[in-house]
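What follows is a single structure, written as structure tokens, with notes after it.
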Amino acid sequence: MADIRMLIVADGPYLQNTPAGGGISFAPSQDLTDNVFTITEFIYLLKLSQAPTISIDTAHRRQDRDTSTTPPTVYPTFENFNFATTTNLDNYDVIWLFAYEGWNDGLNAHASPITPAEIAAINAFMDTGGGVFATGDHYGMGSLMCGQIPRVQTMRKWWGRTADQPAGYPAQVLDWSGATVTSVNRPAFSTQSTTNPPYPADPNDPSMNRADTTQMNPETGGPAPDTANVFQFDDQSDNIPQILSFPGSAVHPILEGSTGPLTQYPDHMHEGEVVAPFMPDGTEYPSEGGYQPLPSVIATGAIVPNHITMVDGASCEQSNFSQDSTYTAGGTNGILCAYDGRGAGKGRIVTDSSWHHFLDINLIGDPCGSTLDRRQGFGLAKMPPASGSVLTELQAIYVNTVAWLARQNPNFYFVVDKSTYGYDESETGATFAAFWLVIEGYTLSQVQAAVSAGAPQFAGAFAALNAISPPGTLIAEGGPNSQRILIPYTVKFPASVLNAFPMPGHPAEQKLLIARFSVTVSGNTNSYAAETSMELTAGADPYFQNVNPSANNPFYLSQDLCVFTLNPQQSTTIPSVPNAAFPQTNTTVRNTSAANTFITQVLNSMNNNVQFTNPGTANPFANFPSVIDGTGDSSVTGEETINSNQYVNYNFAIARVRLQGAPGVTTNPKTARVFFRLFLTQTNDTDFQPNTTYLSQLDTTTGLPRAPQPDPDGSSQPFFATGGVMGDYLTTVGPVNNFALTVGPSGDTSAYFGCHLDVFDPANNAKYPGTHHCIVAQIAYDDDPIINANGITLGPENCDKLAQRNLQITKSGNPGGPDAHRIPQTFDTRPSAPTGMSLNELQGYPDELMIQWGNVPLGSTATIYWPATDALAIVRLSMRLHSTDQLTLVDPHTIKCTVNSAVSYVPIPFGTGAKFAGLFTIDLPVGVRAGQEFDVLVRRISTRKSDNRNAPAQATIEAALSTQRAAVHHSTPAATKSEHTSREWRYVVGTFQVKIPVAKDDILLLPEENTLAIMKWRLLQTPPGSRWYPVLTRYIAYLSGRVNAFGGNAGSVLPSPTGVPVPAGGGGKGSHGEEFMGKVESITYDRFGDFEGFHLLTEAGHRREFRSHEPEIEHLVRFAWTDRVVISVLIHHHHPERPVSIVLRRPPIL
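Residue numbers (numbering that gives the first Met the number 0): 0 to 1149.
Here it is, written out as structure tokens:
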């Protein structure tokens, strides 16, 4: 099924004449004699769309057929169409009206209006969110179909004469500029004098002159070339479009293109005009919660002045094509008008000034045209348009319009963050961020009213455990429209229900959870039900306890996985870890073997010390270095500067594995293995994918994981404590990361596994497209292997065999310019798996990034650069799924979002190929200050898939849920009768956090230069054909901007795998660059009283300014200034304004 179901309705009484004499026809090819208007190219361009896909039914209010065949060939899906009786309009998401019939200077034979019942049917369609597009032409053409449809009737001039207008029809409307004009439509012929220049017959109402937007054809040959004052009617069929403008410079979503606003549009000699209502009343334009959405003109065209328009009189030309020998008056004409009624529970509407913007004669040329370009139009018929062509722009406008108009279907479902609960983690009393209930298609005020009235309500076996908290604060997309709204819930198991967990050795149990939600709109109540299942597992298997109940940390910062950095120049040991010391003596040279020896010693020490193996003790990682800063997962801090010398850093990871049971219980002869994998950059694809990111060497007997292997595409990489698989897992004598666990006297025990994260080895370092990385530890235990089931892919958030550290730290400068506030980070995302289903159904939704902005200031902007994707397709997917129009286009591969609410969603395009290398960038506004810190959460959500991989196990699960479901329905039969029930749900695939501390520019400069130097070096190691090459190129451009904004010179930073060179000591004009001697003349502070720098008056009489924010520098400089001490300031030639060192020389000479 297509993503959008569309019905195109046309009319035109002259199709029944012999020969036909006008009207809109659905004939499969263009009429070569111009007798009828066909729309084959428009339909073809719509059907080309793949994101979204569009199915089209066609309908004609008269007969539209080829009578020369026997039987006659009927062109549309429906003939003699009646909106009220022919078909159910609710089968469609969009109705597109090509309205021909109406007064046209006496040509009105066989025409009749749609009936009141048909108007009511269209109105009911819009009341349920259906979108309508409507267009006619000059005079009253189109009025008989569209001139009395609510809202449509006042968004365009439909009537050619006042006498034809229905009783009560407004006499005045507002044009594109807000000026009051007549509601009578523009004529086919101007009512002005024939002098040159022209003078309108009614200078007070230029809207009564013809709207001639045809552009002059520059061809000088042929029988009828244009001149400055004489154009041809067939100019509408050439390859020169009119250019749209946007009132107020605001670009509506339907006019956004991959390379900028879509401005090219077909032209025509006498268009109609779109308008806005003069005095909109609350009946036609209703309000909801005090908000009244109103239409506005979103695009205008220029009426080309000072020309007449002739018809060349070709024998095949339609006889009612007429010239106009009156000179045009320049002006502006409303071309497109849009109404977003979702904030008031109504469907969206777009009106257009003329159906000539869609006809074959305007798109692919006039077969009767006098010159070749007039016969060929914008391109070949029914051929994919060339990139950058006018037809490509028109296709974008057409598809954008359909996507924007399409009905948003109400929906109610779960998004589950944690679906599996182990006995061991649950008995601690931890509070888990468990799930959200999602309601779509209603406004925030409507959902708030429903929640206040007691919705939602829970039922099922899991609800009976009384572990679900009251709802948290609603999370909305923002704005008055109907939208996606999240209701968050946490879970905490009371001690009284722990006996509901299965006993050790017994299989996991599925517990059904049903939520019911009712919302009332305009007196009508709609009821929904959603289902999910929660899994309870037994204890006594090795597990991670990712969430600390007292700290309530997020799972992606697991308390049982420690990542840290050691610099042996500063310390060779870890406090509280005895018998483990870094063995290297030369701390300026990297020594992988020494690092492996060190982490092995640390693990042996911890595993033989009750201080660590007894779970009742304090945090075992409390004294480890660099844990809080999160620097242990950085790949750009390979060296540290101490006293102007560089010393080597080493990164390590240690995982704490827990086991509960009776004292003395052991996993022997089974052993627990822990695998450590580093993802090459930030990602929320940390779910368990055993064939890719969690690839393992399998045991030949059991078929279970024995040792980790790298992802075939390099996205994840295993690390070891001994340097390889053999020493960690396969040796028969004391493998470091593969041993049995035994429960201690207390009934609990902890064991420690670890690795050397050798990210600074040049062979490894060249692979990383980012600075911080996601690390996941996996417990591989044969008696309880990780198995994906029930349509859910397990991950660190819902599996106690996986622990994750996933934190990106990128600092913002202060005060700095815009580039100092730009926060870029690379990230990796696999495509959404194709579903083969419609976007109208939850199972057809793409995966989405769910970005919670936390305390990021409103007005911040964020961009996502995915060079392998079509940004326009992403925006269209967003249009289909959301009403808030959050996403806009920056370029063909970049989307943008302004932070104006708590959450934003980005659809992940469907695909089957390589992952999408990406750059996620946040631009903070002016005004952020040092000391502030902002946190952003980026989750990936997906829809549970039908699970056929383990059919017997899945059948058991379904049987259990079916039994529980029957029990619920039996106890509350009345509640289930009218419910819309969803038995599929969404779940969190993975999460990463972006932490943005704000610091002074000068503090950030050197680290940023290091990052820039390393990323420049990595780019040189990256093949140009790599999916990461364009991302790194843009990333480096942003890093360069940051370096410059922090006061540096990005151009002077050379590629280096270790960062920028650190100047050696010595003074003078050595490697520092220069030395200045003198006295402190003044000290400067910024507007907030923060130390900013000082001025030095040198002994040569020159005045030098230096910048710093360091408190120690301030203290030293204040002393030198107060006591008039002579000092020397040494600087590096890259940063002449920043002191590298300050030397106290002598007191003042008396």
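For glycine and all other residues, C-beta sits at the position ideal for the given N, C-alpha and C. Remember, it's a predicted structure, so these values are computed and weren't measured experimentally.
Inter-residue Cα distance where the pair is residue i and residue j
{"i": "Cys367", "j": "Asp33", "result": "7 Å"}
{"i": "Leu379", "j": "Leu371", "result": "12 Å"}
{"i": "Ala955", "j": "Thr699", "result": "Note that residue 955 corresponds to Thr in the displayed sequence, not to Ala. Rounded to whole angstroms, Thr955 to Thr699 spans 28 Å at the Cα level."}
{"i": "Glu1136", "j": "Trp435", "result": "52 Å"}
{"i": "Tyr986", "j": "Ile791", "result": "8 Å"}
{"i": "Phe738", "j": "Ala580", "result": "23 Å"}
{"i": "Thr666", "j": "Ala776", "result": "19 Å"}
{"i": "Asn465", "j": "Asp799", "result": "22 Å"}
{"i": "Val250", "j": "Asp710", "result": "44 Å"}
{"i": "Gly1064", "j": "Ser575", "result": "For Gly1064, the predicted model reports a pLDDT of 42, less than 50, meaning its position is unreliable and no value from the coordinates is stated."}
{"i": "Pro624", "j": "Ala661", "result": "35 Å"}
{"i": "Gln842", "j": "Met382", "result": "32 Å"}
{"i": "Thr226", "j": "Glu218", "result": "10 Å"}
{"i": "Thr524", "j": "Gln152", "result": "30 Å"}
{"i": "Arg341", "j": "Ala402", "result": "14 Å"}
{"i": "Pro795", "j": "Leu801", "result": "5 Å"}
Where the beta strand (DSSP E) containing residue i begins and where it ends
{"i": "Val1059", "result": "No beta strand (DSSP E) contains Val1059, which DSSP labels as neither H nor E."}
{"i": "Trp435", "result": "Phe431 to Tyr441"}
{"i": "Met849", "result": "Glu847 to Gln851"}
{"i": "Ile1154", "result": "Absent from the model: residue 1154. The displayed extent of the chain is 0 to 1149, so no value can be given."}
{"i": "Gly538", "result": "Neither: Gly538 is in no beta strand (DSSP E) and is coded neither H nor E."}
{"i": "Arg1102", "result": "Arg1102 to Arg1106"}
{"i": "Ala58", "result": "Ile53 to His59"}
DSSP beta-bridge partners of residue i
{"i": "Phe41", "result": "Answer is none; Phe41 lacks a bridge partner."}
{"i": "Gly333", "result": "Thr299"}
{"i": "Ser811", "result": "Val997"}
{"i": "Gly95", "result": "Checking the sequence shown, residue 95 turns out to be Trp, not Gly. Beta-bridge pairing links Trp95 to Ile7 and Phe132."}
{"i": "Met1076", "result": "Ser1127"}
{"i": "Ser517", "result": "Ser526"}
{"i": "Tyr264", "result": "Gln241"}
{"i": "Glu78", "result": "For Glu78, which the question treats as bridged, DSSP gives no partner whatsoever."}
{"i": "Leu560", "result": "Ala654"}
{"i": "Glu932", "result": "Pro996"}
{"i": "Glu255", "result": "Pro260"}
Residue closest to residue i, alpha-carbon to alpha-carbon, out of the options
{"i": "Val935", "options": "Ser388, Ile850 and Thr68", "result": "Ile850"}
{"i": "Pro1110", "options": "Thr730, Gly1077, Asp1001 and Met309", "result": "Asp1001"}
{"i": "Gly989", "options": "Thr282, Asp684, Val496 and Thr391", "result": "Asp684"}
{"i": "Arg185", "options": "Ala1, Thr161 and Pro165", "result": "Thr161"}
{"i": "Gly288", "options": "Asp234, Leu857 and Ser444", "result": "Ser444"}
{"i": "Ala123", "options": "Tyr264, Lys345, Trp175 and Asp65", "result": "Lys345"}
{"i": "Thr691", "options": "Asn839, Ala913 and Ile995", "result": "Ala913"}
{"i": "Arg483", "options": "Gln885, Leu31, Val1042 and Asn1009", "result": "Gln885"}
{"i": "Leu485", "options": "Ala537, Leu293, Tyr74 and Asp416", "result": "Asp416"}
{"i": "Trp157", "options": "Ile148, Ser142 and Val635", "result": "Ser142"}
{"i": "Tyr646", "options": "Pro614, Arg657, Thr564 and Ala750", "result": "Thr564"}
{"i": "Arg1123", "options": "Ser495, Gly1077 and Ala788", "result": "Gly1077"}
{"i": "Val889", "options": "Val520, Ile873, Val1128 and Phe457", "result": "Ile873"}
Boundaries of the alpha helix (DSSP H) in which residue i is found, first to last residue
{"i": "Leu888", "result": "It is not in any alpha helix (DSSP H) - Leu888 instead sits in the beta strand (DSSP E) that spans Leu886 to Asp890."}
{"i": "Ala421", "result": "In the sequence as presented, Ala is not what sits at residue 421; that position holds Gly. Not the alpha helix (DSSP H): Gly421 falls in the beta strand (DSSP E), residues Thr419 to Gly421."}
{"i": "Asn124", "result": "Sequence check: residue 124 is Phe here, not Asn. Per DSSP, Phe124 belongs to the alpha helix (DSSP H) from Pro115 to Asp126."}
{"i": "Cys145", "result": "Ser142 to Cys145"}
{"i": "Arg1017", "result": "Asp1000 to Gln1020"}
{"i": "Ile1112", "result": "Pro1110 to Asp1122"}
{"i": "Asp359", "result": "Asp359 to Leu362"}
**Item:** the stretch 267-275 / the stretch 325-342 touching (three or more Cβ pairs under 8 Å)
**Value:** yes
**Message:** Under 8 Å, with one C-beta from each stretch per pair, do the stretch 540-553 and the stretch 449-459 reach the 3-pair mark?
**Reply:** no
**Touch test, the stretch 499-506 against the stretch 754-767, Cβ-Cβ under 8 Å, three pairs minimum** = no
**Request:** Answer yes if the stretch 671-690 comes into contact with the stretch 823-837, meaning at least three C-beta pairs across the two stretches below 8 Å, and no otherwise.
**Result:** yes
**Contact between the stretch 704-722 and the stretch 560-573 (3+ Cβ pairs under 8 Å)** = no
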